[in-house]
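Residue numbers for the sequence shown follow the numbering used here, so the first one is 3 and each next one is one higher. Beta carbons are placed, not taken as given, at the ideal position from N, Cα and C, and that holds for glycine.
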Amino acid sequence: MSEDKHTYRPGASQSNDPTGESKPLPFPLHCLPPPGAEMARAICKTARVPESLAGCCVLTTVSSSIGAGLQVRSGPNRVTRGNIYALVSAESGSGKSEPFRHATQPLRHFEEQRVEQWRTNAMPSLLAEKVLLESEIKALTCGLQKVNAQLAAASPSSGALEVNMPAPKVATNNQ
Numbered sequence: 003m004s005e006d007k008h009t010y011r012p013g014a015s016q017s018n019d020p021t022g023e024s025k026p027l028p029f030p031l032h033c034l035p036p037p038g039a040e041m042a043r044a045i046c047k048t049a050r051v052p053e054s055l056a057g058c059c060v061l062t063t064v065s066s067s068i069g070a071g072l073q074v075r076s077g078p079n080r081v082t083r084g085n086i087y088a089l090v091s092a093e094s095g096s097g098k099s100e101p102f103r104h105a106t107q108p109l110r111h112f113e114e115q116r117v118e119q120w121r122t123n124a125m126p127s128l129l130a131e132k133v134l135l136e137s138e139i140k141a142l143t144c145g146l147q148k149v150n151a152q153l154a155a156a157s158p159s160s161g162a163l164e165v166n167m168p169a170p171k172v173a174t175n176n177q
């Protein structure tokens, strides 16, 4: 019985090395969506890192971009999201930062564009609205101070101030 050469088994290894040392199976880039697999291969060539490192960087970047935005009903009363928690390690100086930088670059670029759009489109109108609301608050505060001064000047004993307060009502959900 021959095994599929693309079957990935964690912890499995191949012994194709003439020295007899076992080599780990390559990262299954073919399992990534085609754009992700192409990106991982390009990162391998550009950053000169193994497929396992570039593949993990692309996979976790895609996962983080999905976040809680995708939910799949994976069973009765069960929902699974696209989040993947990964712990990727490599020796110091092996170039871990470079593939991660390449993998996250499209997301960082998108985020920078969105922030710039917000700064140029949304923020000016929000700041203008803030100024208008602060002006309204100031005018209302001044008006309230005038009313308070008038009330203080009027004496209830002189009859200049007549207050008719309605009886308090109790609010319930049944009304």
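- With a cutoff of 9 Å on beta-carbon distance, L27 and A39 are scored as not near each other.
- In the structure shown, G97 falls within a coil segment according to DSSP collapsed to helix, strand and coil.
- A contact is defined here as three or more CB-CB pairs under 8 Å, and the stretch 103-112 fails this definition with respect to the stretch 122-136.
- DSSP links R83 through a beta bridge to Q73.
- Nearest Cα to N85 within the set G95, V74, N79, P78: V74.
- The criterion of a C-beta distance shorter than 9 Å is not satisfied by L72 and R80.
- In the DSSP annotation of this structure, the continuous segment of the alpha helix (DSSP H) that includes A42 starts and ends at 36-49.
- The three-state secondary structure of A155, taken from DSSP, is helix.
- The beta carbon of A92 sits closer than 7 Å to those of L55, K98, all from its chain and outside the five residues before and after it, given in chain order.
- At a Cβ-Cβ threshold of 9 Å, L34 and L61 count as neighbours.
- The Cβ-Cβ distance between P52 and C46 falls below 9 Å.
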